[in-house]
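Notes for the one structure printed next.
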Amino acid sequence: MDFTEEQLKRYSRHIILPEVGGKGQKKISEAKVLIVGAGGLGCPVGYYLAAAGVGTIAMVDNDHVELSNLQRQIAHSVKTLDVNKADSAKQTFEALNPDVNVIAIKERINSKIILDLFKDYDIIVDGTDNFPTRYLINDACVMLKKPLVSGAILRFEGQVTTILPHEGPCYRCLFEEPPPAGLVPSCQEAGVLGVLPGVIGALQATEVLKLILGKGKPLSGNLLIYDALGVNFRKVRVPKNEDCPICGKDPKITDLTDMPEEYCSI
Amino acid sequence: MEGAKIDKKLDIRGEVCPYTLVKSKLGVESIEVGQIIEIILDYPEASESIPKAMLNYGHSVLKVEKINPKEWIVQVRKEVED
Numbered sequence: 000m001d002f003t004e005e006q007l008k009r010y011s012r013h014i015i016l017p018e019v020g021g022k023g024q025k026k027i028s029e030a031k032v033l034i035v036g037a038g039g040l041g042c043p044v045g046y047y048l049a050a051a052g053v054g055t056i057a058m059v060d061n062d063h064v065e066l067s068n069l070q071r072q073i074a075h076s077v078k079t080l081d082v083n084k085a086d087s088a089k090q091t092f093e094a095l096n097p098d099v100n101v102i103a104i105k106e107r108i109n110s111k112i113i114l115d116l117f118k119d120y121d122i123i124v125d126g127t128d129n130f131p132t133r134y135l136i137n138d139a140c141v142m143l144k145k146p147l148v149s150g151a152i153l154r155f156e157g158q159v160t161t162i163l164p165h166e167g168p169c170y171r172c173l174f175e176e177p178p179p180a181g182l183v184p185s186c187q188e189a190g191v192l193g194v195l196p197g198v199i200g201a202l203q204a205t206e207v208l209k210l211i212l213g214k215g216k217p218l219s220g221n222l223l224i225y226d227a228l229g230v231n232f233r234k235v236r237v238p239k240n241e242d243c244p245i246c247g248k249d250p251k252i253t254d255l256t257d258m259p260e261e262y263c264s265i
Numbered sequence: 000m001e002g003a004k005i006d007k008k009l010d011i012r013g014e015v016c017p018y019t020l021v022k023s024k025l026g027v028e029s030i031e032v033g034q035i036i037e038i039i040l041d042y043p044e045a046s047e048s049i050p051k052a053m054l055n056y057g058h059s060v061l062k063v064e065k066i067n068p069k070e071w072i073v074q075v076r077k078e079v080e081d
């Protein structure tokens with residue numbers, strides 16, 4: 000384990016943890032994590048993973064920073080207004096920790112590029128804000144057998160789960176199909192407390208680090224629901240569905256398609 | 000434990016907390032279970048905190064000795080995998 004004196008200082012609080020140590024810190028530095036969305040969730044997830052020293056972090060986003068994002072998207076600032084969000088996050092994360100290689104992918108994820116984008120990464124993080132993309136990411140992760148840490152937020156409530164394809168349930172085991180367009184309001188329509196993605200994103204980052212270290216119990220098979228107003232954390236068990244259209248015994252979905260855009264976008 | 004075979008020596012004189020612990024922890028990670036590391040240090044608090052931390056990690060502390068007015072040696076036998 001060849002740490003520089005600077006790295007010994009930076010990661011000292013990790014190294015002295017029995018569950019991490021020098022060996023765990025090395026695993027963190029060798030890990031490659033791809034985060035879809037550099038928004039409310041992607042910002043805190045990427046920020047903490049950069050601080051932890053995750054060696055390669057890819058941020059996928061084709062959107063640009065707007066003033067209305069700054070209430071919750073903490074990697075961006077007034078200095079990066081109109082800048083691509085993946086680029087803006089890259090600047091912030093690399094300023095925090097130059098050890099980290101941040102790759103800005105300025106694309107809107109779609110069925111044609113997704114498998115190629117995901118294939119080189121160890122863990123995928125879903126920080127998106129719409130159902131078509133959420134299902135596409137789930138299906139791609141099941142096909143590639145990539146661990147997926149998924150988060151979602153609205154108003155004062157958020158949820159997190161970890162999907163270990165074929166070992167535990169996937170998103171389609173929970174809900175086979177996305178809800179009809181317009182049924183579930185977007186953050187743009189319904190609002191979101193700015194700090195909420197911070198809570199959910201920090202939980203997602205924790206799950207990612209546990210997977211990298213191989214320590215603790217992943218949230219697989221459970222949906223963790225956080226209610227900020229009532230201050231409740233509820234863990235709901237989710238069984239694996241043997242008839243799941245993507246990860247079941249006889250999958251109906253064998254290739255990826257894009258769902259119509261009008262579903263919801265935030 | 001006079002004359003215990005030392006497998007690794009680690010000099011952390013000049014280091015202060017928490018780097019005394021960081022370097023001692025990494026030192027123990029670099030040896031095998033059953034092997035012994037001897038740490039020499041000159042930061043007074045570390046002469047107490049390092050043995051305590053090593054016991055918490057599950058290792059054995061074979062010796063803590065003040066070898067002169069400013070320096071201590073701590074011998075640790077690694078008992079558990081990292």
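Just so you know, the protein sequences line up as chains A and B, in that order. Numbering follows numbering that gives the first Met the number 0, with no gaps: position 226 of the first sequence is 225. Numbering follows numbering that gives the first Met the number 0, with no gaps: position 79 of the second sequence is 78. Just so it is clear, CB atoms sit at the ideal spot from N, CA and C, and this is done for glycine as well.
Contact under 8 angstroms by Cβ, A/Glu110 with A/Leu135
The identity of residue 110 of chain A in the sequence shown is Ser, whereas the question assumes Glu. Taking 8 angstroms as the Cβ cut-off, A/Ser110 and A/Leu135 qualify as a contacting pair.
Does DSSP put A/Leu33 in a helix, a strand or coil?
strand
For B/Val58, does the three-state DSSP call read helix, strand or coil?
Note that residue 58 of chain B is His in the sequence shown, not Val. Coil, per DSSP.
On the criterion of 16 or more Cβ atoms from any shown chain inside 10 Å, does A/Glu206 qualify as buried, or is it exposed?
buried
Hey, A/Cys172 and A/Asn240: beta-carbon distance below 8 angstroms or not?
yes
By the 7 angstroms beta-carbon criterion, what residues does the stretch 9–20 of chain A contribute toward chain B?
Ser11, Ile14, Ile15, Pro17, Gly20
Chain B beta carbons: is any one of them nearer than 8 angstroms to that of A/Pro22?
Looking at the sequence provided, one finds Lys at residue 22 of chain A rather than Pro. It does; some Cβ of chain B falls within 8 angstroms.
Starting from B/Tyr42, find everything on chain A with Cβ-Cβ shorter than 8 angstroms and list it in chain order.
In chain order: nothing, as chain A lies at least about 15 angstroms away.
Beta-bridge partners of A/Ala49, as assigned by DSSP
Answer is none; A/Ala49 lacks a bridge partner.
Which residues mark the beginning and the end of the alpha helix (DSSP H) in which A/Arg171 is found?
170–173
At the 8 angstroms Cβ level, is A/Leu7 part of the contact set with chain B, yes or no?
yes
Less than 8 angstroms separating the beta-carbons of A/Val35 and A/Asp125?
yes
Measuring straight from C-alpha to C-alpha, what distance separates A/Cys186 and B/Leu40?
Approximately 56 angstroms, taken between the alpha carbons.
Those runs of the beta strand (DSSP E) which lie wholly inside the stretch 171–232 of chain A and span at least 3 residues:
221–226
Indicate the three-state DSSP secondary structure (helix, strand or coil) for A/Arg9 in the structure shown.
Look at A/Arg9 here: in three-state DSSP terms it is helix.
With B/Ser23 as the anchor, note down where its beta strand (DSSP E) starts and where it stops.
Here B/Ser23 belongs to no beta strand (DSSP E); instead the alpha helix (DSSP H) covers 18–28.
Specify the secondary structure class of A/Asn100 as computed by DSSP and reduced to three states.
Note: A/Asn100 maps to strand in three-state DSSP.
Return the CA-CA distance between A/Asn96 and A/Gln158, expressed in angstroms with no decimal places.
28 angstroms
If you count every other CB in all the chains shown that lies within 10 Å of the CB of B/Arg76, and 16 or more means buried, which is it?
Label assigned to B/Arg76: buried.
Closer than 8 angstroms, CB to CB, is B/Glu28 near chain A or not?
With 8 angstroms as the cut-off, B/Glu28 counts as an interface residue toward chain A.
Taking Cβ positions, are B/Glu28 and A/Gly20 nearer each other than 8 angstroms?
yes
Limits of the unbroken alpha helix (DSSP H) element including A/Val141
130–143
Taking C-beta pairs closer than 9 angstroms, name the residues in chain A that B/Leu25 reaches, listed in chain order.
Met0, Phe2, Leu7, Ile14, Gly20, Gly21
N- and C-terminal bounds of the alpha helix (DSSP H) containing A/Asp115
113–117
For A/Glu175, which option in A/Lys26, A/Ile113, A/Pro217, A/Ile245 has the closest C-alpha, if you only look at C-alpha atoms?
A/Ile245
A/Ala49 and A/Val99 look like a contact to me (Cβ under 8 angstroms); what is the Cβ gap, rounded to whole Å?
5 angstroms
Residue interval of the alpha helix (DSSP H) (run including A/Ala88):
84–95
Which first and last residues belong to the beta strand (DSSP E) in which A/Val59 is found?
55–59
Using only CA atoms, which one of B/Asn55, B/Ile38, B/Ile35 lies nearest to A/Ile15?
A/Ile15 has its Cα closest to that of B/Asn55, out of B/Asn55, B/Ile38, B/Ile35.
Use the C-beta contact count for A/His165: other C-beta atoms within 10 angstroms, 16 or more gives buried, fewer gives exposed.
exposed
With 9 angstroms as the limit, tell me which residues of the stretch 5–17 of chain B have their beta carbon closer than that to any beta carbon of chain A; keep them in chain order.
Within the stretch 5–17 of chain B, the residues whose Cβ lies closer than 9 angstroms to some Cβ of chain A are Pro17, listed in chain order.
Cutting at 7 angstroms between CB atoms, please list the residues of its own chain near A/Leu210, excluding the five before and the five after it.
Ile122, Pro146, Pro217
Taking DSSP as the reference, what is the three-state secondary structure of B/Ala45?
helix
Can you find the residues in the same chain that come closer than 7 angstroms, C-beta to C-beta, to A/Glu29, ignoring five residues on each side of it along the sequence?
Gly54
Taking 8 angstroms as the cut-off, decide whether the C-beta atoms of A/Thr161 and A/Val148 are in contact.
yes
Just the chain A side, please: which residues come within less than 7 angstroms of B/Leu54 by C-beta, in chain order?
Per Cβ cutoff of 7 angstroms: no residues; B/Leu54 is ~12 angstroms from chain A at best.
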